[in-house]
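Engineer:
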Amino acid sequence: MRNPVETESGLVEGIPGRDRSLTVFRGIPYAAPPVGELRWRPPQPPAPWPGVRKTQSFGPMCPQAPNPEIAGLDLPMSEDCLYLNVWTGADSAEERRPVLVWIYGGGFRVGTGASPRYDGENLARKGLVVVTFNYRLGAFGFLATPELSEESEHHASGNYGLLDSAAALRWVQDNIAGFGGDPDRVTIAGQSAGAGSVNFLAMSPLTKGLFQRAIAQSHARYSKDPELRYLATSYRALADAERAGAQYAQERGARSLAHLRSLPWQKLVDGDAIDAAVETLSSAKPPLFRPVVDGWVIPGGYEETYAKGLQNDVCYIAGNNLDESGAVPESTFAAYQTAGKKAFRPGMPPVHVTLEDYRAAAEQKFGPMAEEFLRLYPAGTDDEAARASNAAVRDNARISTFLWAADWARHATHPAYTYFWTHASPAQGQNPRRAFHSSEIEFVFGNLDPGSAEWTDEDREIAQIMSGYWANFVATGDPNGPELPHWPAYSPDSDAVMEVGDGFGLIPVAEPSRIDFWKRFFNTQQAW
Amino acid sequence: MVEISGYDDVVDVGSTSPTRHSQAYEGLRTLLLSGSMAPGTRLTEADLTRMFNVSRSTMRAVLVRLTQEGYVTSEVNRGVRTRSFSVEEAADILEARETLESALAGKAAERATAEEIRELRRTLEAMEDCKSRGDQAGYSQGNRRFHQQVKEASHQQTLARAYDTLLYPLVMRQYRNVSAQHPRAGSLEEHQAILLAIVTRNPEAAVAAMRHHVASARQALMLRSARDEHTELSARPEFLS
Chain A
10 MRNPVETESG
20 LVEGIPGRDR
30 SLTVFRGIPY
40 AAPPVGELRW
50 RPPQPPAPWP
60 GVRKTQSFGP
70 MCPQAPNPEI
80 AGLDLPMSED
90 CLYLNVWTGA
100 DSAEERRPVL
110 VWIYGGGFRV
120 GTGASPRYDG
130 ENLARKGLVV
140 VTFNYRLGAF
150 GFLATPELSE
160 ESEHHASGNY
170 GLLDSAAALR
180 WVQDNIAGFG
190 GDPDRVTIAG
200 QSAGAGSVNF
210 LAMSPLTKGL
220 FQRAIAQSHA
230 RYSKDPELRY
240 LATSYRALAD
250 AERAGAQYAQ
260 ERGARSLAHL
270 RSLPWQKLVD
280 GDAIDAAVET
290 LSSAKPPLFR
300 PVVDGWVIPG
310 GYEETYAKGL
320 QNDVCYIAGN
330 NLDESGAVPE
340 STFAAYQTAG
350 KKAFRPGMPP
360 VHVTLEDYRA
370 AAEQKFGPMA
380 EEFLRLYPAG
390 TDDEAARASN
400 AAVRDNARIS
410 TFLWAADWAR
420 HATHPAYTYF
430 WTHASPAQGQ
440 NPRRAFHSSE
450 IEFVFGNLDP
460 GSAEWTDEDR
470 EIAQIMSGYW
480 ANFVATGDPN
490 GPELPHWPAY
500 SPDSDAVMEV
510 GDGFGLIPVA
520 EPSRIDFWKR
530 FFNTQQAW
Chain B
13 MVEISGYDDV
23 VDVGSTSPTR
33 HSQAYEGLRT
43 LLLSGSMAPG
53 TRLTEADLTR
63 MFNVSRSTMR
73 AVLVRLTQEG
83 YVTSEVNRGV
93 RTRSFSVEEA
103 ADILEARETL
113 ESALAGKAAE
123 RATAEEIREL
133 RRTLEAMEDC
143 KSRGDQAGYS
153 QGNRRFHQQV
163 KEASHQQTLA
173 RAYDTLLYPL
183 VMRQYRNVSA
193 QHPRAGSLEE
203 HQAILLAIVT
213 RNPEAAVAAM
223 RHHVASARQA
233 LMLRSARDEH
243 TELSARPEFL
253 S
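Order-wise, the sequence lines are chains A and B.
Numbering (this note's numbering) for the first sequence: 10 to 537.
Numbering (this note's numbering) for the second sequence: 13 to 253.
Following this line, the structure appears as structure tokens:
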């Protein structure tokens, strides 16, 4: 790519990638620093700069409590954090390459687009233009209060972090052609809270037309699945969010909104604040700060939006992982049994490895249907209970996403593809390996860097296929391509999901009797 | 323990899990070293306990430890604040670094294993690559890795521990000349000279090369002109050199 590249705000100069045919631009401002009076306001355009801006270093990460996602990253933290990064292999602005915009996960409270897990170099080598960016987190991104709603011309507050994502997508529309990207072939993709963001942006009228495809890695769930209420796809009603926000401001000793805006950011970073008021039928709870159905950015909940067909009609990939949401590999049962009920973080999904615990959880979750549940997922010993719990968690996830797809597809004209990731990864220090929450990330990015974990040849083969699917989907809206196992689109006529990982092929969503049970259980639940 | 702070955590119960104390200690230390808080910033127990999700007594113990280690200062009526170094303190610390790190380099020339030398070479190659591509942040990371690798290759635990307690990363950040060229002219060649001395098993040359390198880095800091503007300088989100 010939340097510098022209953007609406000024010229930027990138640096060659490790593969010198690529150019990397780090730390391009896509919005004005959201500081001072701009704290808790929709992102404003960045100030233009004269001359050439050297974009060689990642921007600071948004304020967040120290956490493993950012450990060792060696980046400053600042409220001035709305920067994005671009990887491109295009030789000139004449090219039109498909664009992947990645939205990081981390519970809407941690993360940075500078994480090496999201390094765009390998996907750029496959012909994509890759964009990662920072969005506001925690209270900075998702505080709602009555005063904030009042000063808003839309009478809404609480979705600043999602508005940042929307601003990054508008920046892509306005500027990505200069980097050889195609503004008419944009895919948004994310994992966990990033997948939640994808789901919300797919329901937002503010982002209509800004992207053509979407990938939600973990947690696209059926609106009546109570698990949804604590997972990354959870949301708050505006009135609840305002009430919690007012209390939050009061606890910080803020006398007024102006006073709250004047507090140093260090006073507003929270570790693990959870929203304990949400009924989830288990000890799992969502974080306090998360998106809000505010009537503006997010007009309505899932059931309502999908039933009316109001979502953005885009191609979709959604799936879940083998060892997440409370399922753990058998090789770790003994360790969990020894650890007992110790909570590692408030609100996290419980892991049931003893019979007593498993039965009590079934009673709490299924009430009058608990007996039937225990007949379908029987257990007589602790190990059997741990296995049955795993089976139930995994069936729940697959059936829920299958029913999500049915709702999504009802008014959609583009295909949806669902997957279930089964390959155990050594990433993030996992020993023994497991297909844990987020473990597919390195594989879809093709980022099996030597030194980051003990990768094997099998890992590399799987990464080749996964990154191939993702690259094809970003380019065409269909993950399929030469030399890849066929991945059929979701169809209401087939109770099947694509296994990706240890195998590549259709597997049943679950046994018919179990599907029937979960459907009936979901129907007793309030829709979100 | 691995805990990914998403909605759907993974907890590796099989491995040793650090205590809440050491998690909060490491977390706060990392935050202080990242330069996200300007020197002299007030830290309150209430804010920190929220941020790290630990009890007040745990956070108090963490702050006592960080005060003893010099990362923060604690004074009656002024509370706990991030450390701000006077020019004299900074010069003192950097002088100690010169002595300690040159001794470490000397020992590394005697004791580095073949694998350690290969690793050092790889790091230097990555630094060269970053420099030629104009990747300043990548160069800085390589730089830090190089110095850590020399320390480990010394196989001198007592010196290494003393080196780890130096607060020079904080000093470097506070007094860094943000408008200067980066990497500093001569920086890469100085690292090459250190590696050459280690590879050729020449302790005297390694001591001299490291001493020269650290002294040059010190001279590039704004120890004379800084005075009171250092707070402003270090508050800018810049990378540690």
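No residue lacks a Cβ here, since even glycine has one placed at the ideal position from N, Cα and C.
Could you check what DSSP says for A:C90 in three-state terms: helix, strand or coil?
Structural biologist: If DSSP states are grouped into helix, strand and coil, A:C90 belongs with coil.
Engineer: Looking at A:K233 and A:A536, is the spacing between their C-beta atoms short of 8 Å?
Structural biologist: In this structure, A:K233 lies closer than 8 Å to A:A536 by Cβ.
Engineer: CA-CA distance, A:R11 and A:A102?
Structural biologist: Their backbone Cα atoms lie some 8 Å apart in a straight line.
Engineer: If you check the beta carbons only, do A:V14 and A:G136 fall under 8 Å apart?
Structural biologist: Against a cut-off of 8 Å, the Cβ pair of A:G136 and A:V14 comes out as no contact.
Engineer: In the stretch 405-456 of chain A, which residue ranges form an unbroken alpha helix (DSSP H) of at least 4 residues, counting only runs that do not cross its ends?
Structural biologist: Runs of the alpha helix (DSSP H) inside the stretch 405-456 of chain A: 450-454.
Engineer: Nearest by alpha-carbon distance to A:K397: which of A:A414, A:K294, A:T422, A:T363 is it?
Structural biologist: In the sequence on display, residue 397 of chain A carries Ala and not Lys. Selected option, being the one with the closest Cα: A:T363.
Engineer: Output, in chain order, the set of chain B residues within a Cβ distance shorter than 9 Å of A:A80.
Structural biologist: The answer, in chain order, is E38, G39, T42.
Engineer: At a CB distance below 8 Å, what residues from the stretch 134-146 of chain B approach chain A? Give them in sequence order.
Structural biologist: Of all residues in the stretch 134-146 of chain B, D141, R145, G146 have a Cβ within less than 8 Å of some Cβ in chain A.
Engineer: Taking buried to mean at least 16 other C-beta atoms within 10 Å of its own C-beta, is A:K317 buried or exposed?
Structural biologist: Exposed is the call here.
Engineer: State the Cα-Cα distance for the pair B:D59 and A:Q53, rounded to the nearest angstrom.
Structural biologist: Those two C-alpha atoms are separated by around 29 Å.
Engineer: What is the rounded straight-line gap between the Cα of B:R54 and the Cα of A:Y39?
Structural biologist: Cα to Cα, B:R54 sits roughly 31 Å from A:Y39.
Engineer: Any residues in the stretch 261-293 of chain A with a beta carbon nearer than 7 Å to a beta carbon of chain B? Which ones, in chain order?
Structural biologist: Taking 7 Å as the Cβ-Cβ cut-off against chain B, the residues of the stretch 261-293 of chain A that qualify are Q275, K276, V278, D279, G280, D281.
Engineer: Taking Cβ-Cβ distances shorter than 8 Å, what residues in chain A pair up with B:D176?
Structural biologist: The premise fails here: B:D176 is roughly 16 Å from chain A at the closest Cβ pair, so nothing lies under 8 Å.
Engineer: Flag A:D83 as yes if its beta-carbon sits less than 8 Å from any beta-carbon of chain B, otherwise no.
Structural biologist: At least one chain B Cβ lies under 8 Å of A:D83.
Engineer: Enumerate in chain order the residues of its own chain whose CB-to-CB distance from A:A176 is below 7 Å, with the five nearest sequence positions on each side excluded.
Structural biologist: Result list for A:A176: Y39, A40, P52, in chain order.
Engineer: Please report the straight-line C-alpha distance between A:A418 and B:V66, rounded to a whole angstrom.
Structural biologist: Near 45 Å, if we compare the C-alpha coordinates of B:V66 and A:A418.
Engineer: Does any CB atom of chain A fall closer than 8 Å to the CB of B:G154?
Structural biologist: Answer no: the Cβ-Cβ gap between B:G154 and chain A never drops below 8 Å.
Engineer: Is the shortest distance between the beta-carbon of B:T31 and the beta-carbons of chain A less than 8 Å?
Structural biologist: No, B:T31 lies away from the interface with chain A (no Cβ there is under 8 Å from its Cβ).
Engineer: Considering only residues of the same chain and omitting the five flanking positions on each side of A:H163, which have a CB-CB separation below 6 Å?
Structural biologist: Around A:H163: W305.
Engineer: Taking the continuous alpha helix (DSSP H) assigned at B:I129, which residues delimit it?
Structural biologist: Start and end: 126-145.
Engineer: Name the chain A residues whose beta carbon is nearer than 8 Å to that of B:A220?
Structural biologist: What B:A220 touches in chain A: nothing, since even the nearest Cβ is about 29 Å away.
Engineer: Between the alpha carbons of A:P387 and A:C71, how many angstroms are there, rounded?
Structural biologist: So the alpha carbons of these two residues sit roughly 46 Å apart.
Engineer: If we count the other Cβ atoms within 10 Å of its Cβ and call it buried at 16 or more, is A:S340 buried or exposed?
Structural biologist: Result: exposed.
Engineer: Hey, A:F429 and A:I516: beta-carbon distance below 8 Å or not?
Structural biologist: In this structure, A:I516 lies closer than 8 Å to A:F429 by Cβ.
Engineer: What separation, rounded to the nearest whole angstrom, lies between the Cα atoms of A:R106 and A:T196?
Structural biologist: C-alpha separation (whole angstroms): 12 Å.
Engineer: What does a CB cutoff of less than 7 Å around A:P57 pick up in its chain, not counting 5 residues either side in sequence?
Structural biologist: Same-chain partners within the cutoff: S18, G19.
Engineer: Where do the N-terminal and C-terminal ends of the beta strand (DSSP E) with B:E87 fall, by residue?
Structural biologist: Element bounds for B:E87: 84-87.
Engineer: Excluding the 5 residues flanking A:R27 on each side, which residues of the same chain have their C-beta closer than 7 Å to its C-beta?
Structural biologist: Counting only Cβ-Cβ distances below 7 Å, and skipping sequence neighbours, we find E130.
Engineer: Shortest alpha-carbon distance to B:A126 belongs to which of B:V162, B:Y180, B:A227?
Structural biologist: The residue with the shortest Cα to Cα distance from B:A126 is B:V162.
Engineer: Is the shortest distance between the beta-carbon of B:S199 and the beta-carbons of chain A less than 8 Å?
Structural biologist: It does not: the Cβ of B:S199 has no partner Cβ on chain A nearer than 8 Å.
Engineer: With which residues is A:F142 paired in a DSSP beta bridge?
Structural biologist: A:F142 is bridged to A:L93.
Engineer: From B:Q35, B:S144, B:L200, B:Q231, pick the residue whose C-alpha is nearest to that of B:R156; which is it?
Structural biologist: The option with the nearest alpha carbon to B:R156 is B:L200.
Engineer: Pick from A:Y311, A:V337, A:Y231, A:V119: whose alpha carbon is nearest that of A:R407?
Structural biologist: It is A:Y231 whose Cα lies nearest to the Cα of A:R407.
Engineer: Name the DSSP bridge partner or partners of A:P517?
Structural biologist: Paired residues: A:A505.
Engineer: I need the straight-line Cα distance from B:V211 to B:E122, nearest angstrom please.
Structural biologist: Cα to Cα, the separation comes out at about 9 Å.
Engineer: For a quick check, are the C-beta atoms of A:D303 and A:A444 less than 8 Å apart?
Structural biologist: The answer is no: Cβ separation not under 8 Å.
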